[in-house]
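Here the structure comes first, spelled out in structure tokens, and everything after it is commentary.
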């Protein structure tokens, strides 16, 4: 089975990615341009992500709600930067009825059912939510308002790829309202930290926390925080963003509150989101030529038990015991009792879908009180005594989780280069790729010129970036800190 | 606070319903026609429902997946009855871009961005899913395929009411594929039973299991099973449906499989769904003039602790202990430490949002080792010893859950009438209302005539309906069993 996928290192990383998405049963293209079908295995991973994130949002005081899919066209125009950012990729509903085609057998759009005002399928929900918040916020007592929404959104992208960029995608969008600027900024920073925590501790994906440049900011934000991660092909991927929106949307939708001092003020806002794109990031952080590699904390099945060569009553009995012991420790486990497929075929299959640990049970091993344990990340195989199996596996899952993180971190460190001149800048990009830490003169003009010349963008100004005098890698103008460049997804 | 809502029994049940939706913070209308905003408390109830249903679906072998929001217009036409049923209420996407209005300040739909084929916002997903299944099903080994989707759908209803009938709503739709007709029928029946179980054991809402008449069947189904419940105003509400689709969609989308005998056959299908409408059903089954009444199993907060008259360190300490003991028993509990609002105000507030149990802690009671416990369903108050509080509350929640079910069942029994002549039929409908069990001659013509004359429809042919000779309540023609009539939501 593994033979079927393109080699990751053979050059066509993009084809390797598509093969993983397809062969691991994660998603497939649909007949609707740019929209994907998320298949059961892909959706099971999303459920694990969603449940963990949802817990983290609730632990930080947020509640869920649901706002309409449709946004009146006029709402988009109320915030100038926002409409500028989204108008070009909007799916527009213009009619509300079909009718029989009088000249054919199918249906046509009923011209009599034209909407007075067109509706936009939400690309993001700031406008409809802030229009709603106007009715909810009257006084400082109504603040902070800490709401999250799990939803589908649509952005009519011209070039799409499963998970990474699709016309429709699933995401969560937090929309909070605050009485002070400081509190809103603290919220935006807190949620960035929640995302970074999730990425590092659950996805085993190291991230750089930073701020976007003015040019790369969310349409309507005063400040955009982001986490950036590095994929195995040396390209960066923005994994999550958290925006301080200032009073922009409060002003656009006239949302004011009475302060304790009885003064009327506009409300301060944040919004923050991550999406099914994270599944793409997960694939490109850990997987290999044998298929998907999943961190144990996000694996729908953590352990699979395979009888060797075929199920027997003794093996089934041993498997039952192991399953019981593992489940008692909160480990998800499956026993593959199929008696048609050969073990080698099953091994390849479970490697392809990324099950972190495989336990092989054969008659001879069993007689000796042992089983064979194989880990997906390193492909190592160990002989383990049955009596210790639950503790062993529990520790092993922990080891795999941390090994994946350390491996990805090492890769990132090896692919992060400080560069001080433009020739080297280009050489690194075309050579080993990865992140480049370089000085920049702070202008959008230079940022865009560099992008035009190299396709590299400023991923972020890292939060931990130290002040350091230097000169812009392109213009030689003075700079006070390095920023993070990369070619990106 | 309770004074603010319209009386349920005073005549305007509809206004009472809207008041509950609004005052209990469940939902509100949005600026988008027919679309609602589901507010945090309403959404928290939906989350409880969703999590429980999701567990029941997984326990019966189903997995989740996600299919596109948009359906190509031509797909709808492929199944004749299906398009007939949905064409008149479709939101249609015709364009994919906006642009600046050259004659104004806003944005207009860019006429150059017209889609070649219009896209329908899914009113239900049979068509896109069966188009996808064609690629997934080749042999009997690929069957059964047991998939569920949690999603938003849009049906452009002309008259809408929060939860009961909205243009956009949240739901789940199961879509399964089978190799035999018997297996598909068994699946449709199994899922009806899952819904009935959920309604009765979690919503505390008794339901009648039945089959729809041909006239009321889902567009594209061979047979539609349903659960029907009775609201407090004597009107029926369809709470869930499960369809045996025969080979209709397999034929429309050319989905065939190779049998064990190597013969090519069309696949058999089911689909089944429940929606946020269940929240409307929940409201109208249990609530009263003081607000929402929730069955403990679906209450986001099961117990609230209110200090009387104000929080003190001693009360806080006692509350901490109680919370710890209740949480250890898996009970969700909140301590209201607000020191501004008076107890009476808080009592009304928690009654309004339907918290099943309230514990009041006052200094004098506390000194005597006691607290006051009030149940939301009957408004009874009890003095309970602190030492037994966890066991007491656990049992009380169980009692409330079963009391709500029994109360609703008793109401339904009192409002189910066997009727044998048309005058009585009309009198019962206009009098006490409720379900009517009457004979019907089996024709769509009679069914529609009765509807025209009385606004009552055949809710279902109950599964437990016994064969019994009789004559049609309208036409006097012979009939072999009674069917269930009611006016309905």
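Chains as they are written, first to last, in the numbering used here: chain A, 1 to 489; chain B, 490 to 978.
Glycine is no exception: its CB is placed at the ideal position from the N, C-alpha and C atoms.
C-beta atoms of residue i and residue j nearer than 8 Å
i, j, result
"residue 38 of chain A", "residue 276 of chain A", "yes"
"residue 457 of chain A", "residue 434 of chain A", "no"
"residue 638 of chain B", "residue 784 of chain B", "no"
"residue 67 of chain A", "residue 143 of chain A", "no"
"residue 245 of chain A", "residue 274 of chain A", "no"
"residue 60 of chain A", "residue 267 of chain A", "no"
"residue 568 of chain B", "residue 741 of chain B", "yes"
"residue 291 of chain A", "residue 5 of chain A", "yes"
"residue 647 of chain B", "residue 978 of chain B", "no"
"residue 875 of chain B", "residue 862 of chain B", "no"
"residue 612 of chain B", "residue 662 of chain B", "no"
"residue 321 of chain A", "residue 140 of chain A", "no"
Residues near residue i in its chain [Cβ-Cβ closer than 6 Å; skip 5 each side]
i, result
"residue 676 of chain B", "665, 759"
"residue 282 of chain A", "203"
"residue 334 of chain A", "301, 304"
"residue 559 of chain B", "608"
"residue 169 of chain A", "275, 276"
"residue 1046 of chain B", "Lying outside 490 to 978, the shown extent of chain B, residue 1046 of chain B is not represented and no answer is given."
"residue 972 of chain B", "929, 947, 950"
"residue 952 of chain B", "698, 699"
Buried or exposed by the 16-neighbour rule on C-beta atoms within 10 Å, applied to residue i
i, result
"residue 857 of chain B", "exposed"
"residue 284 of chain A", "buried"
"residue 152 of chain A", "buried"
"residue 963 of chain B", "buried"
"residue 453 of chain A", "exposed"
"residue 467 of chain A", "exposed"
"residue 476 of chain A", "exposed"
"residue 769 of chain B", "buried"
"residue 313 of chain A", "exposed"
"residue 250 of chain A", "buried"
"residue 58 of chain A", "exposed"
"residue 523 of chain B", "buried"
"residue 553 of chain B", "buried"
"residue 685 of chain B", "buried"
"residue 843 of chain B", "buried"
Cross-chain neighbours of residue i in chain A, by beta carbon under 8 Å
i, result
"residue 529 of chain B", "63, 64, 65, 147"
"residue 524 of chain B", "68, 69, 70"
"residue 577 of chain B", "97, 98, 99"
"residue 533 of chain B", "63, 64"
"residue 507 of chain B", "Within 8 Å Cβ-Cβ: nothing; residue 507 of chain B doesn't reach chain A, min ~16 Å."
Closer than 7 Å at the beta carbon, the chain B residues around residue i
i, result
"residue 95 of chain A", "581, 583"
"residue 131 of chain A", "520"
"residue 118 of chain A", "598"
"residue 218 of chain A", "In chain order: nothing, as chain B lies at least about 18 Å away."
Heavy atom of the ligand ATP within 7 Å of residue i beta-carbon
i, result
"residue 840 of chain B", "Among the ligands in the structure shown, none appear at all, so the ligand ATP cannot be discussed."
Nonlocal neighbours in the same chain, by C-beta distance under 8 Å from residue i, ignoring five residues either side
i, result
"residue 831 of chain B", "798"
"residue 107 of chain A", "98, 99, 100, 101"
"residue 26 of chain A", "20, 38, 39, 41, 42, 45, 162, 163, 279, 283, 292"
"residue 131 of chain A", "75, 253"
Amino acids of chain B, ordered along the chain, whose beta-carbon sits closer than 9 Å to that of residue i
i, result
"residue 171 of chain A", "Correct list: empty, because the minimum Cβ distance to chain B is about 12 Å."
"residue 83 of chain A", "587, 589, 595, 596"
Chain-ordered chain A contacts of residue i [CB-CB under 7 Å]
i, result
"residue 595 of chain B", "74, 77"
"residue 840 of chain B", "Chain A residues near residue 840 of chain B: none, gap ~21 Å exceeds 7 Å."
"residue 704 of chain B", "Result: empty, since nearest Cβ-Cβ is about 21 Å, beyond 7 Å."
"residue 751 of chain B", "Under the 7 Å cutoff, chain A gives no residues; its nearest Cβ is about 17 Å from residue 751 of chain B."
Chain B residues whose Cβ lies nearer than 8 Å to that of residue i
i, result
"residue 168 of chain A", "557, 558, 559"
"residue 47 of chain A", "553"
"residue 121 of chain A", "558, 582, 610"
Residue i: contacting residues in chain A (beta-carbon distance under 9 Å)
i, result
"residue 645 of chain B", "96, 97, 113"
Spatial neighbours of residue i in its chain, beta-carbon cut-off 7 Å, leaving aside the 5 residues before and after
i, result
"residue 840 of chain B", "491, 779, 780, 865"
Just list the alpha helix (DSSP H) runs in the stretch 74 to 157 of chain A, keeping only unbroken ones of 4 residues or longer that don't cross its boundaries, in chain order.
80 to 86, 126 to 136
Unbroken stretches of the alpha helix (DSSP H), 4 residues or longer, contained in the stretch 832 to 906 of chain B:
832 to 842, 852 to 856, 878 to 903
Identify every run of the beta strand (DSSP E) within the stretch 693 to 774 of chain B, keeping only runs that are complete inside it and at least 3 residues long; order them along the chain.
697 to 700, 712 to 719, 725 to 735, 745 to 747, 753 to 755, 757 to 764
Ranges of the beta strand (DSSP E) found wholly within the stretch 509 to 573 of chain B, counting only runs of at least 3
516 to 518, 525 to 527, 559 to 561
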